[in-house]
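Just so we're aligned, residue 13 is where the sequence shown starts under my numbering, counting upward by one.
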Amino acid sequence: MTAGPRPPAPPCRPAARPDAQGHVPTPLRQFVLKVHGRCNLDCTYCYLYRGQDSGWRDRPARVGGRVMEHTAARVAEHVGAHGLDHVRIELHGGEPLLAGPAPVLDYVRAVRRTVPDSCRITATVQTNGTRLTDRGLEQLTEDGVRVGLSLDGGRAAHNARRVDHAGRPAWPAALAAARRLAARPQAYAGILCTVDLDADPLDVYHSLLELGPPRLDLLLPHANWGRPPPGLPGGRPGRHRPGATPYGDWLATVFDAWWDAGRLRTRVRLFQEIVALLLGAPSRAEAVGLSPVAAVVVETDGAIEQVDSLRSAYRGAAETGYDVFRHSFDTVLRHPGIVARQSGERALGADCRACPVGRVCGGGNYVHRYTPGSGFHHPSVYCADLERLIRHVAHRLEHTVRTTT
Numbered sequence: 013m014t015a016g017p018r019p020p021a022p023p024c025r026p027a028a029r030p031d032a033q034g035h036v037p038t039p040l041r042q043f044v045l046k047v048h049g050r051c052n053l054d055c056t057y058c059y060l061y062r063g064q065d066s067g068w069r070d071r072p073a074r075v076g077g078r079v080m081e082h083t084a085a086r087v088a089e090h091v092g093a094h095g096l097d098h099v100r101i102e103l104h105g106g107e108p109l110l111a112g113p114a115p116v117l118d119y120v121r122a123v124r125r126t127v128p129d130s131c132r133i134t135a136t137v138q139t140n141g142t143r144l145t146d147r148g149l150e151q152l153t154e155d156g157v158r159v160g161l162s163l164d165g166g167r168a169a170h171n172a173r174r175v176d177h178a179g180r181p182a183w184p185a186a187l188a189a190a191r192r193l194a195a196r197p198q199a200y201a202g203i204l205c206t207v208d209l210d211a212d213p214l215d216v217y218h219s220l221l222e223l224g225p226p227r228l229d230l231l232l233p234h235a236n237w238g239r240p241p242p243g244l245p246g247g248r249p250g251r252h253r254p255g256a257t258p259y260g261d262w263l264a265t266v267f268d269a270w271w272d273a274g275r276l277r278t279r280v281r282l283f284q285e286i287v288a289l290l291l292g293a294p295s296r297a298e299a300v301g302l303s304p305v306a307a308v309v310v311e312t313d314g315a316i317e318q319v320d321s322l323r324s325a326y327r328g329a330a331e332t333g334y335d336v337f338r339h340s341f342d343t344v345l346r347h348p349g350i351v352a353r354q355s356g357e358r359a360l361g362a363d364c365r366a367c368p369v370g371r372v373c374g375g376g377n378y379v380h381r382y383t384p385g386s387g388f389h390h391p392s393v394y395c396a397d398l399e400r401l402i403r404h405v406a407h408r409l410e411h412t413v414r415t416t417t
């Protein structure tokens, strides 16, 4: 890609107008910035590096200064155009700390010095923890960059699939990183953990709590109707009831432990989102609910893409054809994929619109709705699991309300 001149200082432009279908774009507030395009781990289940989309091989391993500058200017342009008072930048990879904390800090500083002072910037780096040193954490903390860990649980047995390219376990270094973060709670963003049906849910949950995270994100494995997750058959897309709900059962077990902890409960985003939606509040995460997605990715070469998880559907699914050298983020908002993920109920199929928990479930994660040959206009491959979990949460919430009023 040939870099053009740096974009001029961002002008103030009017807010986005409706398109021909009446859709009003939602400004982007989450910018996932790729620092390094390679990973030192070779996790056996990785949808990115072991998946069908190998486009990462054609990109630079590390982001360069020109991409950082153009990205910062585009973020500032978007902030100015929409009068945003807060945005999040998330430094990702691969493994973003492969080259140490310096590139992460350079990227954060480039955005902060370019975006207007009226806009607050929250910066987080998401890491596997294996390259997080005491000195590196100190540097990140000094610059106000919080650190999130990706783990499969809080014990070595839970993380057996997280190994390096020589087959050596990542757990010892990851555990050391978790302990460093627990000692610096101001720098600790939390833990991302993907559900593994082979692991005992309560053991996973309590072992993660032992690592002292301020927040847990429990994620369903990225899968779809053509490539179903472990434990589910896939097959014809739709709302299958009755049916097996192994993921819903797993999560409901953890929910009970979380709910029963009362005021001592650690934040678990999925559970908080479902409770909030049942009480009538809007969602703030793509996993459930109908709120518009406001996130975008900038790759190491400056390409602007949709979320990485789309790569689990098919090769090129995340691509937009745009880049920070030639295109504004407002241009990206008109991309059909972004529009679909901001269209709420209009983007759902008939099964979801008719479902009694549809407004809470929101069709599930957009990526999990994909069916080869017919796209994303379907219920999630986790449809039955999500309904099982939502109904369980609703029952517990109703019981609590009745017994306390």
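We put the beta carbon where it would ideally sit given N, CA and C, even for glycine.
Roughly how far, in whole angstroms, is the beta-carbon of Glu102 from the beta-carbon of Thr136, given that I think they are within contact range, below 8 Å? About 5 Å separates the two Cβ atoms, so the contact holds.
Arg174, DSSP secondary structure in three states: coil
Using alpha carbons as the reference points, say which of Thr139, Gln151, Thr145, Val99 lies closest to Cys131. Val99
Does Glu154 pass the burial test, meaning 16 or more other C-beta atoms within 10 Å, or should it be called exposed? exposed
To which residues of the same chain is Pro225 closer than 6 Å at the C-beta, ignoring the five residues directly before and after it? Here the set comprises Gly202, Ile203.
With three or more beta-carbon pairs closer than 8 Å as the criterion, would you say the segment 303–322 touches the segment 369–381? yes
Does Cys58 pass the burial test, meaning 16 or more other C-beta atoms within 10 Å, or should it be called exposed? exposed
Are the segment 239–247 and the segment 286–304 touching by the rule of at least three beta carbon pairs closer than 8 Å? no
According to DSSP, simplified to helix, strand and coil, what is His411? Helix.
When we look at the beta-carbon of Pro254 and count the other beta-carbons within 10 Å, is it buried (16 or more) or exposed? exposed
How should Ala315 be labelled, buried or exposed, when 16 other C-beta atoms within 10 angstroms of its C-beta is the threshold for buried? Ala315 should be labelled buried.
Grab the span of the alpha helix (DSSP H) containing Ser219 for me, first residue to last. 213–221 is the span of the alpha helix (DSSP H), which, as asked, contains Ser219.
Taking a contact to mean a Cβ-Cβ separation below 8 Å, would you say Pro108 touches Gln138 in this structure? yes
Assigned exposure category for Leu232 - 16 Cβ within 10 Å defines buried: buried
is_contact[Pro115, chain B] using C-beta, thresh 8 Å: This model lacks chain B altogether, as it is built from one protein chain only.
Excluding the 5 residues flanking Arg196 on each side, which residues of the same chain have their C-beta closer than 8 Å to its C-beta? Leu149, Thr153
Would a C-beta distance cut-off of 8 Å place Ala235 and Val393 closer than the cut-off? Result yes, Cβ atoms of Ala235 and Val393 sit closer than 8 Å.
Nearest-angstrom Cβ-Cβ length linking Ala190 and Leu161, presumed shorter than 8 Å: 6 Å
To the nearest whole angstrom, what separates the beta carbons of Leu360 and Gly370, a pair I think is in contact under 8 Å? 7 Å
Backbone secondary structure at Val309 - three-state DSSP: strand
Proximity winner among Leu291, Thr56, Pro37, relative to Ala178 (alpha-carbon distances): Thr56
Is Arg281 near Asp229, with beta carbons less than 8 Å apart? yes
Contact check, Pro258 vs Gly243 under 8 Å by CB: the rounded distance? 5 Å
Run of the alpha helix (DSSP H) containing Ala189, from where it starts to where it stops: 183–194
Thinking C-alpha only, which one of Pro391, Asp335, Gly387 is nearest Arg78? Asp335
Answer with buried or exposed for Ile286, where buried requires no fewer than 16 other C-beta atoms within 10 angstroms of its C-beta. buried
Backbone CA spacing between Gln64 and Ala329 [nearest angstrom]: 11 Å
Spatial distance of Ala199 from Val120 (CA atoms): Annotation: Ala199 to Val120 spans about 15 Å, alpha carbon to alpha carbon.
In three-state DSSP terms, what is Glu298? For Glu298, the three-state secondary structure derived from DSSP is coil.
Given a cut-off of 8 Å, decide if Asp397 and Gly260 are closer than it, judged by their beta-carbon atoms. yes
Smallest Cα separation from Val36: which of Ala306, Gln284, Cys51, Arg408? Ala306
For Gly105, three-class secondary structure by DSSP: coil
What three-state label does DSSP hand Thr126 in the structure shown? Of the three classes helix, strand and coil, the one that applies to Thr126 here is helix, per DSSP.
Tell me the DSSP bridge mates of Arg353? Note: Arg353 sits in no beta bridge, so no partner.
Nearest-angstrom Cα separation, counted from Thr265 out to Leu144: 32 Å
Anyone know if the C-beta pair for Ala114 and Glu81 falls short of 8 Å? no
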